[in-house]
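Q:
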Amino acid sequence: MSQTSSGHEGGTYAGGVWSWLTTVDHKRIAILYFVAGFIFLLIAGMEGQMIRLQLARPENRLLDPEFYNQLFTMHGTTMVFFAGMPLIIAFFNFVVPLQIGARDVAFPRLNAFSFWVFLFGGLFLYASFFFGGAPDGGWFAYMPLTGSQYSPRTGMDFYVLSLLLAGIGTIAGGVNFLVTILNLRAPGMSFMRMPLFTWMAFVVSALILLAFPPFTIGLVFMLFDRMFDTLFFNAAAGADPLLWQHLFWVFGHPEVYILILPAFGVVSDVIPTFSKKPLFGYPVVVFSGILIAFMGFGVWVHHMFSTGLGPIVNAVFGGATMLIAIPTGIKIFNWIATMWGGAIRFKAPMLFAIGLVGTFVIGGLSGVMHSSPPSDLQQTDTYFVVAHFHYVLIGGTVFGLFSGFYYWFPKVTGRMLSERLGAAHFWLTFLALNVTFFPMHFSGLLGMPRRTFTYAEGLGLETFNLVSTIGAFIFTLAFVPLVLNLWRAWRRGEPAGPNPWDAATLEWTMSSPPPHYNFAVIPEVESRDSLWHPHVDPGHEPGAGDPEPGGVIPRLQPDPAPEPVHMPNPSFWPLILALGLLVVTMGGLLGLRVVIPGVLLTFVGLFGWAFEPTEG
Amino acid sequence: MNRRSLTLLGLGLAFLVTQACGGEYPQSALHPTSDFAERLDGLFWLIFWWAVGVFVVVEGILIYTIIRFRARPDSERPKPVHGHTILELGWTIAPALILVAIAIPTIQTIFVVDNPPAEEADVTIEVIGRQWWWEFRYPDLGIVTANEAHVPVGQTVDVRLRSADVLHSFWVPRLGGKRDLVPGRENFIWFRPDSIGVFWGQCAEYCGTSHALMSLRFIVDSESDFDAWVANNQAPAVTQSDRLASQGRNVFLNNACISCHTIRGTNAQGQLGPDLTHVGSRLTIAAGVLDNNAENLARWISDPQDVKPGNLMPNMGLTEQQVEQLVAYLQTLR
Amino acid sequence: MHGPTSTGIPTRKLGMWTFIGSECMLFATLISTFLIYRGRNVVGPYPEELLNIPFITVTTFVLLMSSLMMVLALAAVQRGQRRASLLWLFMTALFGLIFLTGQYIEFSHFVHEGLGLSRNLFSSTFFVLTGTHGAHVAGGVIWLGTLWILALRGRLSPERAETVEIAGLYWHFVDVVWIVLFTIIYLLR
Numbered sequence: 001m002s003q004t005s006s007g008h009e010g011g012t013y014a015g016g017v018w019s020w021l022t023t024v025d026h027k028r029i030a031i032l033y034f035v036a037g038f039i040f041l042l043i044a045g046m047e048g049q050m051i052r053l054q055l056a057r058p059e060n061r062l063l064d065p066e067f068y069n070q071l072f073t074m075h076g077t078t079m080v081f082f083a084g085m086p087l088i089i090a091f092f093n094f095v096v097p098l099q100i101g102a103r104d105v106a107f108p109r110l111n112a113f114s115f116w117v118f119l120f121g122g123l124f125l126y127a128s129f130f131f132g133g134a135p136d137g138g139w140f141a142y143m144p145l146t147g148s149q150y151s152p153r154t155g156m157d158f159y160v161l162s163l164l165l166a167g168i169g170t171i172a173g174g175v176n177f178l179v180t181i182l183n184l185r186a187p188g189m190s191f192m193r194m195p196l197f198t199w200m201a202f203v204v205s206a207l208i209l210l211a212f213p214p215f216t217i218g219l220v221f222m223l224f225d226r227m228f229d230t231l232f233f234n235a236a237a238g239a240d241p242l243l244w245q246h247l248f249w250v251f252g253h254p255e256v257y258i259l260i261l262p263a264f265g266v267v268s269d270v271i272p273t274f275s276k277k278p279l280f281g282y283p284v285v286v287f288s289g290i291l292i293a294f295m296g297f298g299v300w301v302h303h304m305f306s307t308g309l310g311p312i313v314n315a316v317f318g319g320a321t322m323l324i325a326i327p328t329g330i331k332i333f334n335w336i337a338t339m340w341g342g343a344i345r346f347k348a349p350m351l352f353a354i355g356l357v358g359t360f361v362i363g364g365l366s367g368v369m370h371s372s373p374p375s376d377l378q379q380t381d382t383y384f385v386v387a388h389f390h391y392v393l394i395g396g397t398v399f400g401l402f403s404g405f406y407y408w409f410p411k412v413t414g415r416m417l418s419e420r421l422g423a424a425h426f427w428l429t430f431l432a433l434n435v436t437f438f439p440m441h442f443s444g445l446l447g448m449p450r451r452t453f454t455y456a457e458g459l460g461l462e463t464f465n466l467v468s469t470i471g472a473f474i475f476t477l478a479f480v481p482l483v484l485n486l487w488r489a490w491r492r493g494e495p496a497g498p499n500p501w502d503a504a505t506l507e508w509t510m511s512s513p514p515p516h517y518n519f520a521v522i523p524e525v526e527s528r529d530s531l532w533h534p535h536v537d538p539g540h541e542p543g544a545g546d547p548e549p550g551g552v553i554p555r556l557q558p559d560p561a562p563e564p565v566h567m568p569n570p571s572f573w574p575l576i577l578a579l580g581l582l583v584v585t586m587g588g589l590l591g592l593r594v595v596i597p598g599v600l601l602t603f604v605g606l607f608g609w610a611f612e613p614t615e616g
Numbered sequence: 001m002n003r004r005s006l007t008l009l010g011l012g013l014a015f016l017v018t019q020a021c022g023g024e025y026p027q028s029a030l031h032p033t034s035d036f037a038e039r040l041d042g043l044f045w046l047i048f049w050w051a052v053g054v055f056v057v058v059e060g061i062l063i064y065t066i067i068r069f070r071a072r073p074d075s076e077r078p079k080p081v082h083g084h085t086i087l088e089l090g091w092t093i094a095p096a097l098i099l100v101a102i103a104i105p106t107i108q109t110i111f112v113v114d115n116p117p118a119e120e121a122d123v124t125i126e127v128i129g130r131q132w133w134w135e136f137r138y139p140d141l142g143i144v145t146a147n148e149a150h151v152p153v154g155q156t157v158d159v160r161l162r163s164a165d166v167l168h169s170f171w172v173p174r175l176g177g178k179r180d181l182v183p184g185r186e187n188f189i190w191f192r193p194d195s196i197g198v199f200w201g202q203c204a205e206y207c208g209t210s211h212a213l214m215s216l217r218f219i220v221d222s223e224s225d226f227d228a229w230v231a232n233n234q235a236p237a238v239t240q241s242d243r244l245a246s247q248g249r250n251v252f253l254n255n256a257c258i259s260c261h262t263i264r265g266t267n268a269q270g271q272l273g274p275d276l277t278h279v280g281s282r283l284t285i286a287a288g289v290l291d292n293n294a295e296n297l298a299r300w301i302s303d304p305q306d307v308k309p310g311n312l313m314p315n316m317g318l319t320e321q322q323v324e325q326l327v328a329y330l331q332t333l334r
Numbered sequence: 001m002h003g004p005t006s007t008g009i010p011t012r013k014l015g016m017w018t019f020i021g022s023e024c025m026l027f028a029t030l031i032s033t034f035l036i037y038r039g040r041n042v043v044g045p046y047p048e049e050l051l052n053i054p055f056i057t058v059t060t061f062v063l064l065m066s067s068l069m070m071v072l073a074l075a076a077v078q079r080g081q082r083r084a085s086l087l088w089l090f091m092t093a094l095f096g097l098i099f100l101t102g103q104y105i106e107f108s109h110f111v112h113e114g115l116g117l118s119r120n121l122f123s124s125t126f127f128v129l130t131g132t133h134g135a136h137v138a139g140g141v142i143w144l145g146t147l148w149i150l151a152l153r154g155r156l157s158p159e160r161a162e163t164v165e166i167a168g169l170y171w172h173f174v175d176v177v178w179i180v181l182f183t184i185i186y187l188l189r
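Residue numbers (my numbering), protein chains in the order written: chain A, 1 to 616; chain B, 1 to 334; chain C, 1 to 189.
#1: Which runs of the alpha helix (DSSP H), 4 residues or longer, sit entirely within the region 233-303 of chain A?
#2: Write down every uninterrupted run of the beta strand (DSSP E) in the region 81-156 of chain B whose length is 3 residues or greater and which is fully enclosed by it, in chain order.
#3: Could you check what DSSP says for Trp200/B in three-state terms: helix, strand or coil?
#4: With 16 as the cutoff for other CB atoms within 10 Å, does His112/C come out buried or exposed?
#5: Here's the rule I'm using: 16 or more other beta-carbon atoms within 10 Å means buried, otherwise exposed. How should Gly616/A be labelled?
#6: Taking the alpha carbon of Gly154/B as the reference point, which residue from Trp190/B, Leu9/B and Leu216/B has its own alpha carbon closest?
#7: Tell me whether Pro549/A is buried or exposed, calling it buried when 16 or more other Cβ atoms sit within 10 Å of its Cβ.
#8: At a CB distance below 8 angstroms, what residues from the region 234-249 of chain A approach chain C? Give them in sequence order.
#9: Is DSSP giving Trp340/A helix, strand or coil here?
#10: Could you tell me how far apart the beta carbons of Ile102/B and Met295/A are, in whole angstroms, since I believe they sit closer than 8 angstroms?
#11: Going along the chain, which residues of its own chain have a beta-carbon closer than 7 angstroms to the beta-carbon of Gly588/A, five neighbours each way excluded?
#12: Check each residue of the region 566-593 of chain A: if its Cβ is closer than 8 angstroms to any Cβ of chain C, include it; give the result in chain order.
#13: Return the residue from the list Gly8/C, Phe19/C, Trp171/C and Arg40/C that minimises the CA-CA distance to Thr92/C.
#14: Three or more C-beta pairs closer than 8 angstroms, one from the region 259-278 of chain A and one from the region 195-211 of chain A: is that the case here?
#15: Return the chain-ordered list of same chain residues with a C-beta closer than 6 angstroms to the C-beta of Val251/B, the five sequence neighbours on each side being excluded.
#16: Is Pro78/B close to chain A, meaning its C-beta is less than 7 angstroms from at least one C-beta of that chain?
#17: Could you check if Gln557/A is buried or exposed, using at least 16 other CB atoms within 10 Å of its CB as the buried criterion?
#18: When you compare only the Cα positions, how much space is there between Arg420/A and Ile312/A?
#19: Apart from the five residues just before and just after Arg226/A, which ones in its own chain have a Cβ nearer than 6 angstroms to its Cβ?
#20: Going by the CB atoms, is the gap between Phe118/A and Lys27/A shorter than 7 angstroms?
#21: List in chain order: all unbroken alpha helix (DSSP H) runs of 4+ residues lying wholly within the region 31-74 of chain C.
#22: Just to make sure I have the definition right: I need the residues of chain A whose C-beta is within less than 8 angstroms of the C-beta of Phe55/B. Which are they?
#23: Does chain A have any CB closer than 7 angstroms to the CB of Gly21/C?
#24: Once the 5 residues before and after Thr78/A are set aside, which same chain residues still bring their CB inside 6 angstroms of it?
#25: Have a look at Glu49/C and Leu115/C and give me their C-alpha separation to the nearest angstrom.
#26: Could you check the C-alpha separation between Ser205/A and Gly140/C for me, to the nearest Å?
#27: So if I threshold CB-CB distances at 7 angstroms, which residues from the region 111-134 of chain C count as touching chain A?
Given below as structure tokens:
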């Protein structure tokens, strides 16, 4: 095997664009995912701003309806698939191998491939703006509106093709992280010693593997209906258009948990660290996460209570939906119990974590309100639901991810962020969330349906909408301290050291940023909170030169590595393969003359990959 | 959370609540005027108050915890506590009990609102959703109309829902919840209105470009008003004596208007657009979007795409004079 | 970096198992759609008029035999028997190709009888379901062809038998899926 020998000099990277294009290192791929996902987040955020501008007053003519419909479609699609998912996978990439004591993921090249197809999928989707207009059927893309008869433009083709392309990468990522966590744990890292973030990454990977295929098939049906006139959703041919909704939500509801469980995982690691107490009820928190994921597959019809599926179906799925409140509540109570009796330090990661606990409760409770099917009949497809899921996705996912961002930033970069600016960022985001979305509970119940580019005067919705629009601009303001903070860290951030937060898990045992090979020596894990249970060397005589008294050896990694460490070579085949698939995808719109070269390029990528003399 | 932001939060909330309580809300789910809507409303408030209780308890404990256990300069390293079985059982069982308290009335309500009405309905209306307007048919009364339905107060109305194109959702919040119009299916919703008035409704399932402009009105009449409305609407269109109006009639009948619209009593028998036999008696035009007056009618006829982008009605290229005549004619169709 | 794994299962093999788990959901969705839409055709030709069960039984048998060939191929590679490896790998791929040819004949017969992709719900669901499976078989054939070339060049030593084993896992899975499809499409009425 010809592999790079990263020995004593091995902590450093080669520079240049080429090194990023060919990297297979999970830490660099994490950064790629994070940057790309964050840019998509900003774009989708701006789309949200434009939506709010249009709705600032009734019967506004700022945006025309076609463009408005494209905006809300792209806002939702981008946030879920090209901002939320990649940001989560960025954290998986950076943190999971470090938390389990591995030197990389199970399939480093597959990991790079996942990133490139995600990126190409996103770029392809946004290309639609320049080629005939973006998709305008909603991120949920309900048939038959999105069929060729009612959506003859190519917008929905971009939607279908880009999601199919990105979906390949997502499923590959699911395989990768599931196998990584199953197979690459350091000796002694049993399942019940895994940090909660890794646990949730494991659960989410399983969710991805089980939830994405039905969606893929739904997209294939839609593609075929649009391009080859198949009849999967054609009511006149005897088909049931509701099939799309079933396929979409069988995926779509687990997708919600794909987005939220990693945030729960972050918080379950952050709260113990900043309370200086181990997680309260560790096994209960783990199993409640598994239970949420499992039950997530049995509740999809609660998105369809108004479709007229009958009392029995609605009763069963309403009941199942209510049950999910129990494991979610258990998590909340365990987090509070972790803080109880602790010594809470209100650092930025902890502010966002506490913010999550506090605001997720609101989203959870409004969720219970529409878990009751009759109550939901007044709430579904109104701004009440918009309020609900933004509380869950911003108060949950975004707060969780920002908590993780402030928590692991010192590890990723080796620099500290300013606490003052971090706090400003938190409070502004918290304010923006509540000012924007709390009024939507009212506007929804008072009769404002979703996905409407305008609303009539005389409905009494003016004030609520104006307040929401003001809130949306506070979100923009909230990014100012974040940007300043990054700038400050780049110019004069204090060095972080291996473990700036006095955290307990393995990622804090090596220097920050971690060397290329992560672990100079693969650690032996003896407990859940490794760094809080330093290893006592029985043969060691206590002496004045000890880093800590009493013969206690802190579990820090030696630096430099005592022996050379073999790491996989960089490879450009993942990029070639992803490019091949991108060309095939483009062929979906441009015809066989593009598909054929795309397939050829794909095979070049596949064979180049298969015969490259490396492993992974 | 510091005290100042709490005060601000309280003030903001109070502001929103006062906003929501006063004022006119013709499309509100919180102001029910039928047995159906009242059932949903009752269930909502039941869950709401449970939710408020849970909210206060959880946030209270959370805020107490973070204040009481904040790190102080003299804080010692906290005692590691790994769990507590009784507590875990407690906060599993307590929410479960609350959910049972919610689930029982929920299921009772489901079996009322998702089943057909117990007794025979007094009025049956067929609703056909189209991009972006509503067709209403009264099969027992032989009436076809659009975007505005009249029903008698205190009687059970059975609404049968179908779609001619894409998904729509029928929603008149003060009379009932949403029910989708699905191609290839017939859904239903029923309710007994208890107050006279004009209630606003709107399509609640995204249905394309002008989804936002697919409104409707449900007008609950006294029994005698309803009977008068029925009698009027069963009759064909009135013949025109006014000169301007009869010129307008000619404009209508000699243009492509007739290929999409029906005016009973004339040779206009088109099926694609709304039935205009009694359009002059409606409160609004263009599916609840514009008040029905001469100015708005002229605006609609001159440039329908400006009022409702993407709809099927083309700009007919009529002269101003023709539009004026046509408006006069349509206004006589009462 | 590939020391002993936590589960004891080789990492790539575990990856294939995981992928197969995901594929199960893929086919489950296709099969559910096929079943939901069974008997809801508005126009003919109807499946019972066209499905040629004896013919498909033969190609099914061929595909099942290919699984046996795959087992023999793996055994040969593991024992380092180069000529036997070449033979059995070739036979596996060949049987796969025969199955695909049978599918091609069946498809063109249907189209010839007026049952194109967009004719009715049966044709839409049938072609997409069996077509997805056929694409899996085709992918497997290409994979086997690649392995065959490796074996020809003498690069398929017993140490690399894991690669063949993983290809075998995939191949057996695709066969098992066909047994389900055969039962559901042709046998269950």
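Here a beta-carbon is modelled for each residue, glycine too, at the ideal position from N, C-alpha and C. Being a predicted model, the structure only gives us computed values, none of them experimental.
A: Taking the structure as given:
#1: Qualifying alpha helix (DSSP H) stretches, in chain order: 242-275 and 282-295.
#2: DSSP runs (the beta strand (DSSP E)) wholly in the region 81-156 of chain B: 123-130, 133-138, 143-146 and 148-152.
#3: Position 200 of the second sequence, counting from 1, holds the residue named residue 200/B. In the structure shown, Trp200/B falls within a strand segment according to DSSP collapsed to helix, strand and coil.
#4: Here residue 112/C refers to the residue found at position 112 when the third sequence is read from its first residue. Burial is judged here by how many other beta carbons sit within 10 angstroms of a residue's own beta carbon; His112/C has fewer than 16 and is exposed.
#5: The count along the first sequence starts at 1 and reaches residue 616/A at position 616. Because the pLDDT at Gly616/A is just 40, under 50, the model does not fix this residue reliably, and the value given afterwards should be weighed accordingly. Result: buried.
#6: By 1-based counting over the second sequence, the position of residue 154/B is 154. Distance from the Cα of Gly154/B is smallest, within the candidate group Trp190/B, Leu9/B and Leu216/B, for Trp190/B.
#7: Here the question's residue 549/A lines up with position 549 in the first sequence. Because Pro549/A carries a pLDDT of 48, less than 50, the predicted location of this residue cannot be relied on, and the following value inherits that uncertainty. Under this definition Pro549/A is an exposed residue.
#8: Listed by position along the chain: Ala236, Ala237, Gly238, Ala239, Asp240, Leu243 and Leu247.
#9: Against the first sequence, residue 340/A aligns to sequence position 340. Looking at Trp340/A - three-state DSSP - the assignment turns out to be coil, as it is neither helix nor strand.
#10: Reading the second sequence from its first residue, position 102 is the one you call residue 102/B. Reading the first sequence from its first residue, position 295 is the one you call residue 295/A. That pair is no contact at about 17 angstroms.
#11: Numbered from 1 along the first sequence, position 588 holds the residue referred to as residue 588/A. The residues are Asp157 and Leu161.
#12: Answer set for the region 566-593 of chain A: His566, Met567 and Pro568.
#13: The residue given as residue 92/C occupies position 92 in the third sequence. That would be Trp171/C, whose Cα lies nearest to the Cα of Thr92/C.
#14: Three or more beta-carbon pairs drawn from the region 259-278 of chain A and the region 195-211 of chain A are found closer than 8 angstroms, and the two stretches are therefore classed as touching.
#15: Reading the second sequence from its first residue, position 251 is the one you call residue 251/B. These residues qualify, in order along the chain: Gln322, Gln325 and Leu326.
#16: As a working note, residue 78/B is residue 78 in the second sequence. It does: the Cβ of Pro78/B has a partner Cβ on chain A nearer than 7 angstroms.
#17: Taking the first residue of the first sequence as 1, we reach residue 557/A at position 557. Under a 10 Å Cβ-count criterion, Gln557/A is classified as buried, with 16 or more other Cβ atoms of the shown protein chains found around its own Cβ.
#18: By 1-based counting over the first sequence, the position of residue 420/A is 420. By 1-based counting over the first sequence, the position of residue 312/A is 312. Rounded to whole angstroms, Arg420/A and Ile312/A show a C-alpha spacing of 54 angstroms.
#19: Your numbering for residue 226/A matches position 226 in the first sequence. Answer for Arg226/A: Ser148, listed in chain order.
#20: Reading the first sequence from its first residue, position 27 is the one you call residue 27/A. Reading the first sequence from its first residue, position 118 is the one you call residue 118/A. The answer is no: Cβ separation not under 7 angstroms.
#21: As summarised for the region 31-74 of chain C, the continuous alpha helix (DSSP H) elements at least 4 residues long and confined to that stretch are 47-50, given in chain order.
#22: Translated into the one-based positions of the second sequence, residue 55/B becomes position 55. Those within 8 angstroms of Phe55/B in chain A are Val361, Ile362 and Leu365.
#23: Working through the third sequence from its first residue, we reach residue 21/C at position 21. Answer yes: the Cβ-Cβ gap between Gly21/C and chain A drops below 7 angstroms somewhere.
#24: Taking the first residue of the first sequence as position 1, residue 78/A is located at position 78. Closer than 6 angstroms at the Cβ level, and outside the excluded window around Thr78/A, lie Phe40 and Ala44.
#25: Along the third sequence, one-based indexing puts residue 49/C at 49. Along the third sequence, one-based indexing puts residue 115/C at 115. Taking the straight line from one Cα to the other gives about 11 angstroms.
#26: Counted from its first residue, the first sequence places residue 205/A at position 205. Counted from its first residue, the third sequence places residue 140/C at position 140. In a straight line, the C-alpha of Ser205/A is about 25 angstroms away from that of Gly140/C.
#27: Cβ contacts with chain A come from Leu117, Ser118, Asn120, Leu121, Ser124 and Val128.
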